[in-house]
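A.B. asks: Each protein sequence line maps, in turn, to chains A and B.
Going by the numbering used here, the first sequence opens with residue 50, and the numbers climb by one from there.
Going by the numbering used here, the second sequence opens with residue 87, and the numbers climb by one from there.
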Amino acid sequence: MKFKNIAAASLIPLNTLLLFLLIAGDRVVVPAWLQVFGRMHPLFLHFPIVLILLYVVFVLAVPKVYKVEKWYTTLAEVFLLSAAFTASLTALMGLFLSREPGYDVDALQLHKYTGVLTALVLFIMYQLHDWLQRYSNVLKVGVGIAALVVIYTGHLGADITHGDNFVTAPIIHQEVKQRAALEDAFVYADLVEPILQDKCMGCHNSNKSKGELAMDTKDLLLKGGKDGKLWDTTKPDMGLLMTRIHLPEEEKEHMPPAGKPQLTENEMTILYAWIKSGAEFDKKVTDLSPTDTLRILAGKVLKSSADEQYAFAPADEKEISKLNNNNRVITPLAIGSPALAVNFFNKPFYNKKALEELAPVKDKIVELNLDNMPVKDEDLKVISGFSNLRKLNLNFSDVTGSTLSELGKLQFLRSISLSGTAVKASQLTALANLPKLRAVYLWNTTAASGDVQLLESKNKNIVYQTGFTGDTVVLKLNPPVVENEEQVISKAEPLRLKHYVNGTTIRYTLDGTEPDSIHSPVYNSNVMLDNNVTVKAKAYKKGWISSDIIEQHFYKSSYEPDSAVLLTQPDKSRAASGAKTLIDLQKGSLNFGDGKWLGYRDKPVLATFYFPQTITAKNISFSMLENVDAYIFPPQQITVWASTDGKQWKTLGNITPKQPEQKDKDANRLISAECTFPPTALQYIKFEAKPVEALPAWHRGKGDKGWVFMDEVFVN
Amino acid sequence: MQKEILEHGLNMNRRRFLSRLSLGIGSVALGSLLIPDLFSSNPEEAVIAGLPHFAPKAKRVIYLFQNGAPSQLDLFDHKPLLQKMFGEDLPASVRMGQRLTGMTADQTKFPLAPTIYKFNQYGQARAEISELLPYTAGVVDDICIIKSMYTEAINHDPALTFFQTGAQIGNRPSMGAWLSYGLGSENKNLPAFCVLLSKGKGNGQGVYSKLWTNGFLDSIHQGVQFSSGENPVLYLNNPDGVDKTDRRRMLDKLGELNDLAYKEFGDPEINAKVQQYEMAYRMQTAVPEITDMSKEPESIIKMYGPDCLVPGTFAANCLLARKLSENGVRFVQLYHQGWDAHDNLPGQIVGQCKDVDQSSAALITDLKQRGLLDETLVIWGGEFGRTNYCQGKLTKDNYGRDHHPRCFTIWMAGGGIKPGVYGETDDFGYNIVKNPVHVHDFHATALALLGIDHEKLTYKSQGRRFRLTDVAGKVVNDIIA
């Protein structure tokens, strides 16, 4: 009974407090810890609802005979007291919660009143409890009122938390307003007004003009509200509307009010741009310049009619699959779309009949691709029957344009590609009147060089794409290509030069000089290679800048040794294929790690070659790598000996290859050193190549030993 | 005896059948309550039809992948602040402790390295483009430069794999394979997914066939690599001594045998095999026609540059890509290697730009003048960006840049893309400050342009449904026209 006493006793102060808070409103400051209490409102409110309804059931549904029993009266009183107590507490919590921002002010106000009313009704009923027991009809009426009030309060509360029509929303058919296509849209009606409708007119309409502002008609909008007109383009801040929407959201003056759906950045920009441009009501989006902010934003909001819906019924799927084959591919634009795209592939399979066979689906075809197909002029008559065609590709077909007027029947045609055909500018007037035509592609046609500007000035809706001609462009040719695969030649073979661009002239030299357009011979396939030569070649063509020079060294190797022996061993990691490396005719690349180079550092290269027969030689060339940064230098000295029996050696020559200088510090190139001597009969050759002992002072490894990288030795 | 008892226990009797049945029906009913679509039509069927989910803006893709990661700071993302702060240490407040690669993690200093190249503004969007890309600057009004791309990977292989397959580990289908699966092939005489490789002189990073894999999808969706030289497609030509009629007769006989096998076993793989043989046969005619560049007019050679006739160059691949795309190949994937300039960037990037600038721009112009740009999505970009600080020694005219996944620039053009500049990075060019675009978002957007809802294009493998965008990705509607 303790609870009963406490509850009953607290009812009076609670309800007084309720009334006080309701009347005092915002003038009382609520401490933060009470907000925590306030936030329990959504949880707690279920108690009074259930208790009140229980009490209602008790009063209305329990048969009269039981009502005299003690358990009934006790329980009834407990229910009523609990209901009154929890209702008061809930209402109190609600009042605290209502001070937090984020709620719809109107709905909240009413909810507050009905909430407090519920608490008061129950409080009074409890106070009159004993008296009411005697007048059961009055009690029933009172109970009925309490039930109605609590249900209505609950409904208002639910609207606040879940939004209007939360319960019925799934069954109410929402009418989605179809937005106009970009091409037909008005700036105000299709861009600005929908924003106002969405975000402002909930409160500012002719029924409920808060701040005496209504926005539903042009006149009302121009009239403004109690603070004056909505915009003033002479002010730097553009007036009231702009100021209010740009205030920080916490500001009281900020619109839309805190808690309501806010304007997005795009929407604010649209409103700003519209007001700034003079707030016109009858302007079309297409009248704006393409760089206009509003125009660009319109592009984001509104869809172009290019995303059109097709009104016709889909074709029979069986029909489509019957017409489909490897060279004529018919597909719907998307799942469920009645519109068809038709592509033709594989020239030899195309003929007029293949087009005519499309008759059963001809008014479903919106795109037709005949790129590179041998379409004849008379075929256009068939195409003119494809009444829904939007896009037609006739690039590089055989049409001459003489029957282009046939296509004048295609009322929906939006773009036609005629690149690479024989069509002439004058023939295009036949298409100029097509209402939807926007693009004509004319690259690589005589029409493109014709009077396109005249066509364009007459038909402002149509863009005539003439593409790139390159007539005035002067580019540099790329160098010719040497096609000879082997750099080492053992017998005379033709030099094979090639240039990929048709109509170029290649001039070349074999003596290491730079080719030029006057003195150097023109390359033909009779040029022979039969020596150690450096080929330099350059390509020329009228209308082009001549190419860079291509340079290629060829090594002649007249005598191939039978075997080679390395008397000193190369560095372990640079052993390539051993002695064989020097005589395998495989040139190494500029990458010293490619496994085709023998590398020596601590020892000189010392090797002998053996020839099966006695040969008469007069020249030996050593093919090596120079990669200065990687310590790979030419040898300091090379000495060559000859022998006829492998025992008696005679010195043939001694050469000191040219060493790189500081300016060559980034060099990475193939070099060769030649040792020439009087013709000598021999069967054995021995040579020694000494690596540089101390790298020069300018090198990053100064004083260190250099490397020698050798890949081939040729005897001539 | 025990065995019999066991068997009896295992056997289904009437009582057990009925009790199981009621349980079964109950769980089915419960299942249908929990998953409303349980008994409606299978959502995957719609995809397998090989059609877009909604009207596509683009029908085909040409992806010019710049392998190795081009430096956005030297090409598109101009940061004058770096000029002022030359050589100063990257403030820790900007780096915010973000991870680095093993190559610069040990550096004690991160000296800011401004580009040595000049920038100018071009086009309606006043986009800033480096002097290294004069031709790209010329088509600026046709491209959308996205400055706010970011990725999760910091090294080449995972980053590349992520861009290609939507996952960093290489077992998923490549983007082209997904499209081949989702949209089917347009031209039945060519593969739906073709791959072309080229190499610049800059520091290169490998490309591997896992990047154009079909993953768990059917093998017909795998990318077909076209190589330069006499045999663009390996094993396509008839062997010596076999002519076209021989081949036809052989295929006919083989088809009959396969048909018998199909009737006997009913394995759909047999039919798939037959179809592939037939497609290869048709490719024998189609491929030589497409790879023949001799009929291209001189203006095309001038537009792409003379290198477009040298097989194996990026320019030649761009031209070939246009021809393949023009002939209905859904997805043409190019890779150009050599952008990985950890050192000597100014030296390397000049050559790389020369390789790709003219022909990339030419591809746009070429598609446009044929009326194909509207329906072809062109994508240009690498797997990540490069750092604003120098890797190695910084001098006035030389620097290197490490990998930078936090922000980088790519561009897209054609097929429903709205030209302009999208996204912003901070003044250091280190972090994104506006409109970030994740790799998944990029994939979602590309698919949306092709008429595909990236959440609906799925394939079930090993017990789960996979998507190109994994479990993420938002369509960037702002760049869609």
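By construction, the Cβ of each residue, glycine as well, lies at the ideal position given by its N, Cα and C atoms.
#1: Unbroken alpha helix (DSSP H) runs of length 4 or more, entirely within the stretch 345 to 411 of chain B: which are they?
#2: Applying the 10 Å Cβ sphere with the 16-neighbour rule, what's the burial state of Trp82(A)?
#3: Once you ignore the five residues that flank Pro709(A) on each side, which residues in its own chain have a CB closer than 8 Å to its CB?
#4: Could you confirm whether any beta carbon from chain B is found closer than 7 Å to the beta carbon of Ile384(A)?
#5: Which residues share a DSSP beta bridge with Asp560(A)?
#6: State yes or no: is the beta carbon of Phe96(A) nearer than 7 Å to at least one beta carbon in chain B?
#7: Any beta carbon of chain A sitting closer than 7 Å to that of Thr451(B)?
#8: In the stretch 245 to 275 of chain B, which residues sit with their C-beta less than 7 Å from some C-beta in chain A, listed in chain order?
#9: Is it buried or exposed for Lys735(A), if we count other Cβ within 10 angstroms and need 16 for buried?
#10: Using a C-beta cutoff of 7 Å, does Asp760(A) count as contacting chain B?
#11: Taking the alpha-carbon positions, what's the Gly516(A) to Lys440(A) distance?
#12: Which whole-angstrom value is the C-beta distance of Thr725(A) and Ala666(A), which I expect to be below 8 Å?
#13: So is Val424(A) in contact with chain B if we call contact Cβ pairs under 7 Å?
#14: I need the DSSP call for Pro409(A), collapsed to helix, strand or coil.
#15: Using the C-alpha atoms, what's the distance from Ser305(B) back to Phe205(B)?
#16: What residues of chain B sit near Phe842(A), judged by a beta carbon separation below 7 Å?
#17: Any Cβ of chain B within less than 7 Å of the Cβ of Gln514(A)?
#18: Measuring CA to CA, which of Asp611(A), Asp520(A), Ser539(A) and Phe96(A) is closest to Pro383(B)?
#19: For the stretch 282 to 296 of chain B, list every residue whose C-beta sits within 9 Å of some C-beta in chain A, in sequence order.
#20: Could you spell out the range, first to last residue, of the beta strand (DSSP E) harbouring Val391(A)?
#21: When you compare the stretch 338 to 356 of chain B with the stretch 427 to 444 of chain B, are there three or more beta-carbon pairs, one atom per stretch, that lie closer than 8 Å?
#22: So, is Met182(B) buried or exposed, given that buried needs 16 or more other C-beta atoms within 10 angstroms?
#23: Given a threshold of 16 other Cβ atoms within 10 Å of its Cβ, counted over all protein chains shown, does Gln460(A) qualify as buried or as exposed?
#24: Can you confirm whether Pro505(B), when its beta carbon is compared against all beta carbons of chain A, has any partner nearer than 7 Å?
#25: Ordered along the chain, which non-local residues of its own chain (more than five positions away) have a Cβ less than 6 Å from that of Ile319(A)?
#26: Confirm, please, whether the CB-CB distance from Leu443(A) to Leu462(A) is below 7 Å.
#27: Between which two residues does the beta strand (DSSP E) containing Ser721(A) stretch?
#28: Do the stretch 197 to 215 of chain A and the stretch 149 to 167 of chain A touch if we need at least three Cβ pairs shorter than 8 Å?
#29: What would DSSP say about Ile594(A), mapped onto helix, strand or coil?
#30: Output the boundary residues of the beta strand (DSSP E) element that contains Gln488(B).
#31: Determine whether the Cβ of Val522(A) lies closer than 7 Å to any Cβ atom of chain B.
#32: Got a sec, what are the start and stop residues for the alpha helix (DSSP H) Val170(A) sits in?
#33: Between which two residues does the alpha helix (DSSP H) holding Asp441(B) run?
#34: So Gly398(B) and Gln158(B) are in contact, right, with Cβ under 8 Å, and what is the actual spacing, rounded?
#35: List the endpoints of the continuous beta strand (DSSP E) containing Gln711(A).
#36: Helix, strand or coil: which one does DSSP assign to Ala479(A)?
C.D. replies: Walking through what the data contain:
#1: 354 to 377 and 384 to 390
#2: exposed
#3: Glu675, Val677, Phe682, Pro683 and Ala716
#4: yes
#5: Thr583(A)
#6: no
#7: yes
#8: Glu272, Asn273, Lys274 and Asn275
#9: buried
#10: no
#11: 19 Å
#12: 10 Å between Cβ atoms; not a contact.
#13: no
#14: helix
#15: 46 Å
#16: Past the boundaries of the shown model lies residue 842(A); chain A is included only from 50 to 765, so the question cannot be answered.
#17: yes
#18: Asp520(A)
#19: none
#20: Leu389 to Phe393
#21: no
#22: exposed
#23: exposed
#24: no
#25: Leu240 and Leu346
#26: no
#27: Asn717 to Lys739
#28: yes
#29: strand
#30: The displayed chain sequence assigns Asp, not Gln, to residue 488(B). Arg487 to His490 is the span of the beta strand (DSSP E), which, as asked, contains Asp488(B).
#31: yes
#32: Val154 to Gln176
#33: Leu431 to Gln455
#34: In fact, because the Cβ distance is near 27 Å, the residues do not count as touching under 8 Å.
#35: Element bounds for Gln711(A): n/a, residue is neither H nor E.
#36: helix
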